[in-house]
Structures are given as structure tokens and as C-alpha cells.
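Under our numbering, the sequence shown has 9 at position 4, and the numbering climbs by one with no breaks.
Let me begin by presenting the structure, written as C-alpha cells, before commenting on it.
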Amino acid sequence: MENPFKKIGHPPKEAPKDLKKKVMDDVSAFKFFVEAVSLFSVNYGQAVESFFKKRKQNSNHKPTNK
């Protein structure tokens, strides 16, 4: 029995232009989604961490009444 998977990609064929456009549009949409999610997840975590570090530093440097 011949392996049918050996026939895939032989000979190489050019993909249809509409398929290429759809794939590139999907990749662009995914990149946009990843960037949007990073704004609300990774950067949000860094902002919260920075806020609490500054808050802790301010509480350690309380002004003394002389």
C-alpha cells in the first residue's frame, strides 16, 4: 500500500490568491488580538505592581514631626 501523504506538496503548487489573502487577514487579526490582550494583561500587571511598590515606598518614608 502506497503512503498517500508522500504525494502532498509534490509537485509544489502556488496557493490561490484569495486563500493567501484570507490567511494573511487571519494572521493580522490574530496579531491585533494578541496586542490588545497584552495591553490589558501583561501591562496591567506591571502597572499594579508599580503602584504597590510606590505605595510601600511612600509609607516607609513618613514625615516626622519635629
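All C-beta atoms in this analysis are idealised placements derived from N, C-alpha and C, irrespective of residue type, glycine included.
Next item on the list: Output the boundary residues of the alpha helix (DSSP H) element that contains glutamate 40.
Entry: The residue you call residue 40 lines up with position 35 of the sequence shown. Its alpha helix (DSSP H) spans residues 22-45.
Checklist line | Cα-Cα separation, phenylalanine 38 to aspartate 31 | finding: In the sequence shown, counting from the first residue as 1, residue 38 sits at position 33. In the sequence shown, counting from the first residue as 1, residue 31 sits at position 26. When the Cα atoms are used, phenylalanine 38 and aspartate 31 turn out to be separated by approximately 10 Å.
Notebook entry, point to check: DSSP three-state call for proline 17: helix, strand or coil?
Noted result: As a working mapping, residue 17 is identified with position 12 in the sequence shown. Correct three-state label for proline 17: coil.
Next item on the list: Look up asparagine 8 in the DSSP assignment and say whether it is helix, strand or coil.
Entry: As a working mapping, residue 8 is identified with position 3 in the sequence shown. In this structure, asparagine 8 counts as coil in the three-state DSSP scheme.
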